[in-house]
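Here's the structure we're looking at; comments come further down.
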Amino acid sequence: MNVLPIDFVALVSVIMGISVVLIPIAGLTARYALKPIVDALGRYLQGQGTEDSIKIVERRLGLLEQQLDEVQGSMNRLVEVSEFDARLRRGAATDVLGSGTAAEE
Numbered sequence: 010m011n012v013l014p015i016d017f018v019a020l021v022s023v024i025m026g027i028s029v030v031l032i033p034i035a036g037l038t039a040r041y042a043l044k045p046i047v048d049a050l051g052r053y054l055q056g057q058g059t060e061d062s063i064k065i066v067e068r069r070l071g072l073l074e075q076q077l078d079e080v081q082g083s084m085n086r087l088v089e090v091s092e093f094d095a096r097l098r099r100g101a102a103t104d105v106l107g108s109g110t111a112a113e114e
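Under the numbering used here, the letters of the sequence shown match residues 10 to 114, in that order.
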């Protein structure tokens, strides 16, 4: 069997000539094939971030509602105490006036 020597210059020139055409074709093919996958992956990851931020907002809103309930409860207790204090003052004033008028009679 007779083996012919390899002409490296010819081999490199053929590979370079084919690469000039194949590299742009491979790039365009990869762009159109991978773009939907990359877009879907981006939307999925963006959706996860949105869900996390929604959970955080819901948690903060719950805490604010709880704090508002506590403030309203404190306000109701303050109103009750104020009314009770006003009734005590009216009762004490009535007692003072009542005892003063009873002493004069």
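Think of the CB as a built atom: it goes at the ideal place given N, C-alpha and C, for glycine as much as any other residue.
Would you tell me roughly how many angstroms separate the C-alpha atoms of Leu-70 and Lys-64, rounded to the nearest one? 10 Å
Could you tell me the alpha carbon to alpha carbon distance between Leu-97 and Gly-82, rounded to whole angstroms? In a straight line, the C-alpha of Leu-97 is about 22 Å away from that of Gly-82.
Whole angstroms are fine: how far does the CA of Ala-39 sit from the CA of Ile-46? 11 Å
Taking Cβ positions only, does Arg-69 come closer than 8 Å to chain D? Note that chain D does not occur in the displayed structure, where there is just one protein chain.
Which of the three DSSP states, helix, strand or coil, is assigned to Val-47? Helix at Val-47.
Backbone secondary structure at Val-23 - three-state DSSP: helix
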